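Residue numbers (my numbering): 36 to 484.
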Amino acid sequence: MSSTNDILEQDNHLIQSFADLNALKQQGARTVISRAEGPYVYGSDGQRMIDGIGGLWCVNVGHGREEIISAVADQLRTLDYYSTFYNFTHPKAAELAAKVASLAPGHLNTVYFGNSGSVANDSAVRILHHYNIRKGKPEKRIVLSRTGAYHGSTHLAIALTTPLYSEGWHAARDMVHHLPSSHHWRDGGDMTEAEFLDYLMATMREAIEHIGPDSICAFFAEPIQGAGGVIVAPEGYHKRALEICHEYDIKYVADEVVTAFGRLGHFFASEDVYDMVPDIITTAKGLTSGYQPLSATIVSDDIHDVISGPDGMFMHGMTYSGHPAACAAGLANIAIMENEGIPERVRTTGKQFESILRGLMDIGMVGEVRGSHFMIGIEFVKDRATRESHAPEKQVGLKVAQACQRRGLIVRPLGNVLILSPTLIMDAPMFDDIAAILREAINEVATAL
Ligand SMILES: Cc1ncc(COP(=O)(O)O)c(C=O)c1O
């Protein structure tokens, strides 16, 4: 096994994602994760840490599950690779497509596989453009998204993401219109939550009327915005937004890359949590619990009927769409979730986790603990009454995350917010450990500020 120094030497050739590449050149700035088991990961120095972010909101069934590992190995021995191009298919892609369709709500019955959440969202837009062209409405191509959204990092997905991420990049922004943030606590001013919801719906309607519904193909929304800081929209937001979309013949795309496969206590959150059935669901991450790269763009019968109508090709494809090993991982992962009743269990354990972390609100620096089940954001403020933020250069989130890591807990900093999205297999004693570490780390940073 290579020493940490050898690994770091080689790592100089690796470009990390969403990283300050200059800062990473500093001694000791990188963390090497060498192995993982259950809810834990181990650093190259042997330090055991609770994986408080589930890899990257993805290792839902926990690390090291033999069932998935052997399903992948068996599949590679049987059929290592074949494409789903032209008229080809293979058993695992077919089986997983049918399984995902059976878990997805109502009329969402066909699946396009990709290998990342970004690609799932790109594919949704490609499919909707194709759909509208076939319906004789090629100009219906603009996408509505929201401030605070994260939809991925391909050229199009970053354009769908909150504008901050593509400032100065000229990503495909002319194809995207961002609606206001739906974060009541931060952006609701003096409005009650119900008034804020009315305001957001009125803004959505105004934007549609202004742009022209004949130019808009879709509205993209995460059930809970994740990487934007775990932002929960006002109660009833998604259902009312869907009604407005349908009134104007706009398709609703629910980005369930994070919220699906148990994180909020159900295989999909759209219908079971938010009582609405979108036209497309995109998902990835928990679909394989991260053991293999795989995403799904699940489309409604209406959309599929049009794109599979006579006279015309579906001009979209990727070499690894429906990769056999990735689909085998997906099937084994879903089998674990079903056999162990993971989504059902999360309805209890996730609520306990949420409530224990909400207990941190008694620390002065904690402005808001938000989110749901195993998807939690903790925002730090300078002054709780005014909600004034710490200056970015104070790097409060980063400092708390580093203090947590020294104590054996990995969390994800995002400005003044800390994100927790652990594996779904943890239970109460570990929640207490996590809360105790967070409390110590937050107090340490607060004292030093
Ligand atoms: C809601 C959401 N959509 C899309 C993506 C992009 O997924 P990927 O990183 O697999 O491209 C992410 C990634 O975190 C996400 O959180």
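Backbone N, C-alpha and C define an ideal beta-carbon position, used for all residues, glycine too. Every value quoted in this text rests on a predicted model; they were computed, and no experiment measured them.
Between residue 156 and residue 203, the CB-CB gap reaches or exceeds 7 Å.
Closer than 6 Å to some heavy atom of ligand 1: that does not describe the Cβ of residue 200. Per DSSP, reduced to three states, the secondary structure at residue 218 is coil, with no helix or strand assignment. As a beta-bridge residue in DSSP terms, residue 410 pairs with 407. Excluding five sequence positions before and after residue 263, the CB atoms of its chain that fall closer than 7 Å to its own CB belong to 183, 184, 185, 197, given in chain order. Annotated three-state conformation of residue 120 is coil, per DSSP.
DSSP links residue 134 through a beta bridge to no other residue. The alpha-carbon separation between residue 116 and residue 133 amounts to approximately 20 Å. Beyond the five residues adjoining it in sequence on each side, residue 167 comes within less than 6 Å, by CB distance, of 175, 252 in the same chain, given in chain order. Residue 210 and residue 77 have their C-alpha atoms some 43 Å from each other. Here residue 388 really is in contact with residue 409; their C-beta atoms are around 6 Å apart, less than 8 Å. In this chain, residue 331 is not harboured by any alpha helix (DSSP H); it is covered by the beta strand (DSSP E) spanning 330-335. Cβ-Cβ distances below 8 Å link residue 190 to 206, 207 in the same chain, with the five nearest sequence neighbours on each side left out; the list follows chain order. In terms of side-chain proximity, the C-beta atom of residue 187 is found nearer than 6 Å to a non-hydrogen atom of ligand 1. Ligand 1 has a heavy atom closer than 6 Å to the beta-carbon of residue 151.
In this chain, the alpha helix (DSSP H) harbouring residue 431 covers 431-441. The closest CA to that of residue 337, considering only 128, 141, 102, 41, is found on 141. Residue state for residue 290 is assigned as strand, using DSSP reduced to three classes. Between the alpha carbons of residue 319 and residue 91 lies a distance of about 11 Å.
Residues 84, 85, 87, 469, 472 of the same chain have their beta carbon placed closer than 7 Å to that of residue 444, with the five preceding and five following residues left out of the count. Nearest Cα to residue 74 within the set 100, 80, 51: 100. Relative to the non-hydrogen atoms of ligand 1, the Cβ of residue 404 never comes closer than 6 Å to any of them. DSSP links residue 160 through a beta bridge to no other residue. DSSP places residue 236 outside any beta strand (DSSP E); the residue lies instead in the alpha helix (DSSP H), whose first and last residues are 228-246. For residue 111, the enclosing alpha helix (DSSP H) stretches over residues 101-113. Per the DSSP secondary-structure output, residue 181 pairs in a beta bridge with 214.
In this structure, residue 261 has its beta carbon less than 6 Å from a heavy atom of ligand 1. Boundaries of the beta strand (DSSP E) harbouring residue 149: 143-149, taken from the DSSP string. Assignment of beta-bridge partners to residue 318 by DSSP yields 331. By DSSP's assignment, residue 67 forms no beta bridge with any residue. Comparing alpha carbon positions, the residue from 153, 304, 244, 450 closest to residue 285 is 244. Relative to ligand 1, the beta carbon of residue 319 is positioned inside 6 Å of a heavy atom. Counting the other Cβ atoms within 10 Å of the Cβ of residue 160 gives 16 or more, which makes it buried. 7 Å or more divides the Cβ of residue 356 from the Cβ of residue 151.
Counting the other CB atoms within 10 Å of its CB gives residue 294 a total of 16 or more, which places it among the buried residues. Within the DSSP bridge table, the entry for residue 51 names no partner.
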